[in-house]
Amino acid sequence: MPSTSTSTSGNTRRPLHRIMTAATDNWFSRGYLLVFAAALTWFGVDTLFVYHPDASFAGVWPMFLTLPTSLLLLIWSGLPGWALVIGLVPAALVNATLLGLFVRVMGPAGHRRPGPQLGRGH
8 MPSTSTSTSG NTRRPLHRIM TAATDNWFSR GYLLVFAAAL TWFGVDTLFV
58 YHPDASFAGV WPMFLTLPTS LLLLIWSGLP GWALVIGLVP AALVNATLLG
108 LFVRVMGPAG HRRPGPQLGR GH
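Quick note: the sequence shown uses the numbering used here, first residue 8, plus one each step.
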């Protein structure tokens, strides 16, 4: 007797896979994530290993790079610093995904999915 149950894990993994593909399948998104990772690494090294007699602005750059998504993290007023830093990673992934989707829409016509061309009289 054949099994009639369907797996829902395939249905839930597919949208996540499509989102992550949009965040990493082009050079603009990859470059953005690389710059963000470099800024976050610089912040970590500066915080842990470099002595400063006054404040350092190393922590500002990862926040700037994830704007406007990182503004959502500032809604919580009592958020500890480590949670803010961890929250920047999903903010960067959201921005990379939006950048990837923008690149897909604005990319050359040869890379677009086939479909009806609006405005062309064939």
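By construction, the Cβ of each residue, glycine as well, lies at the ideal position given by its N, Cα and C atoms.
In the three-state reduction of the DSSP assignment, V92 falls in the helix class, which pools H, G and I.
Judged by their CB atoms, S77 and L95 are nearer to each other than the 9 angstroms cut-off.
Contact between L100 and A30 holds, with the beta-carbon distance rounding to 6 angstroms and staying under 8 angstroms. Assigned with DSSP and collapsed to three states, A65 falls in coil, not helix or strand. In terms of Cβ geometry, A98 and L79 form a close pair [threshold 9 angstroms]. When secondary structure is reduced to three states using DSSP, D32 falls in the coil class, being assigned neither helix nor strand.
In this structure, L72 keeps its C-beta atom at 9 angstroms or more from the C-beta atom of A90.
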